[in-house]
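Numbering (the numbering used here), first residue to last: 1189 to 1385. Worksheet: the structure to be examined is printed underneath.
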Amino acid sequence: MDGVDPTEPPLVRARATQDMLAVIDEFEPGLEAKLRAKAPPEALARVEEAASTAYLPTRVTSQVVLAAVDLVGKERAVKLWRFFFVRRYGRSPILRAIVSGALRLFGISPASLYRQVQRNWHTTYRNMCVPSVYLPDANRAVVHLRDVHPEILEEYPDYLLALQGGLEGMTEMAGADGASTMTIDRDAREVQIEITW
1189 MDGVDPTEPP
1199 LVRARATQDM
1209 LAVIDEFEPG
1219 LEAKLRAKAP
1229 PEALARVEEA
1239 ASTAYLPTRV
1249 TSQVVLAAVD
1259 LVGKERAVKL
1269 WRFFFVRRYG
1279 RSPILRAIVS
1289 GALRLFGISP
1299 ASLYRQVQRN
1309 WHTTYRNMCV
1319 PSVYLPDANR
1329 AVVHLRDVHP
1339 EILEEYPDYL
1349 LALQGGLEGM
1359 TEMAGADGAS
1369 TMTIDRDARE
1379 VQIEITW
């Protein structure tokens, strides 16, 4: 798909939110119970009952994500999704051996991981935005999201904090300590996340 169709909803794989719920107490003990008390029960049910490979409207998953943001605050929300991304892809028992082996064998750097973002974006997100990645120098990546679905920008822009944290997590997985900034231009329907390490 070359662009975003604003008449159709943006979608995300159910697994992303399901897996976050599974590890949230490792980030902060007791946070899962607080999240379940805060998030709308209908949204939680749709997330949990969906097949992990199913795509759900971000309008549904955002209710769970935004409940987490409300509970931990925006700054810690980025840290939560960074933790989640590393835990899910870098430290989970199933994927740990694969990821650590690939890191040793291929010498994966943050830059090499960021090069994969554009290629693999649509395995998780659909009709959300058109991503591109620039590597202006050896210790910096710029993830540019253009044609961002208006629903996200107008109704739940804090959903993007999960993306920001996940991108920081990619840097950590490659063995570097990263930091990021995010700029949202609603009029242009663009988001830029810059990661340095």
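Beta carbons: idealized from backbone N, C-alpha and C, even for Gly.
Pairwise C-alpha distance: residue j and residue i
{"i": "Asp1137", "j": "Gly1218", "result": "There is simply no residue 1137 to check, as the chain begins at 1189 and stops at 1385 in what is shown."}
{"i": "Ala1367", "j": "Asp1325", "result": "15 angstroms"}
{"i": "Val1192", "j": "Leu1259", "result": "31 angstroms"}
{"i": "Ala1376", "j": "Ala1221", "result": "38 angstroms"}
{"i": "Leu1268", "j": "Thr1384", "result": "18 angstroms"}
{"i": "Glu1196", "j": "Pro1228", "result": "23 angstroms"}
{"i": "Asn1327", "j": "Tyr1344", "result": "30 angstroms"}
{"i": "Ile1212", "j": "Leu1301", "result": "24 angstroms"}
{"i": "Pro1210", "j": "Pro1194", "result": "One detail in the question is off: residue 1210 reads as Ala in this sequence, not Pro. When rounded, the distance between both Cα atoms is 32 angstroms."}
{"i": "Thr1369", "j": "Arg1264", "result": "14 angstroms"}
{"i": "Ala1255", "j": "Tyr1277", "result": "23 angstroms"}
8 angstroms Cβ cutoff met for residue i and residue j
{"i": "Val1330", "j": "Val1305", "result": "no"}
{"i": "Arg1270", "j": "Glu1360", "result": "yes"}
{"i": "Asn1315", "j": "His1332", "result": "no"}
{"i": "Leu1244", "j": "Arg1234", "result": "yes"}
{"i": "Thr1249", "j": "Val1200", "result": "yes"}
{"i": "Pro1298", "j": "Ala1364", "result": "yes"}
{"i": "Gln1352", "j": "Val1266", "result": "yes"}
{"i": "Ile1381", "j": "Leu1355", "result": "yes"}
{"i": "Glu1378", "j": "Arg1334", "result": "yes"}
{"i": "Ala1231", "j": "Gln1251", "result": "yes"}
{"i": "Leu1341", "j": "Arg1374", "result": "yes"}
Other residues of its chain near residue i: CB distance less than 8 angstroms, five sequence neighbours each side excluded
{"i": "Lys1262", "result": "Asp1346, Leu1349"}
{"i": "Gln1206", "result": "Val1235, Glu1236, Ala1238, Ser1240"}
Limits of the beta strand (DSSP E) - the one that residue i falls within
{"i": "Tyr1243", "result": "1243-1245"}
{"i": "Val1211", "result": "That residue, Val1211, is in no beta strand (DSSP E); its alpha helix (DSSP H) goes 1202-1215."}
Neighbourhood of residue i by C-beta distance below 7 angstroms, restricted to the same chain and skipping five residues each side
{"i": "Thr1312", "result": "Val1200, Arg1201, Ala1204"}
{"i": "Val1274", "result": "Gly1357, Glu1360, Met1361"}
{"i": "Trp1309", "result": "Pro1319"}
Paired residues, beta bridge with residue i - DSSP
{"i": "Glu1378", "result": "Asp1373"}
{"i": "Ile1383", "result": "Ala1329, Ser1368"}
{"i": "Leu1199", "result": "Pro1245, Arg1314"}
{"i": "Arg1334", "result": "Val1318"}
Close Cβ partners of residue i (< 6 angstroms) along its chain, the five nearest in sequence each way excluded
{"i": "Val1253", "result": "Tyr1347, Ala1350"}
{"i": "Met1208", "result": "Phe1272"}
{"i": "Thr1246", "result": "Pro1198, Val1200"}
{"i": "Phe1215", "result": "Leu1268, Phe1271"}
Boundaries (first-last residue) of the alpha helix (DSSP H) holding residue i
{"i": "Pro1319", "result": "First-last for Pro1319: 1318-1325, but that is the beta strand (DSSP E), not the alpha helix (DSSP H)."}
{"i": "Arg1264", "result": "1262-1273"}
{"i": "Gly1357", "result": "1348-1361"}
{"i": "Ile1421", "result": "Outside the displayed span of the chain (1189 to 1385) sits residue 1421, for which this structure offers no information."}
{"i": "Pro1228", "result": "It is not in any alpha helix (DSSP H) - Pro1228 carries neither H nor E in the DSSP assignment."}
CB contact check: residue i to chain C, cutoff 8 angstroms
{"i": "Leu1348", "result": "In summary, chain C is missing from the structure at hand, where a single protein chain is found."}
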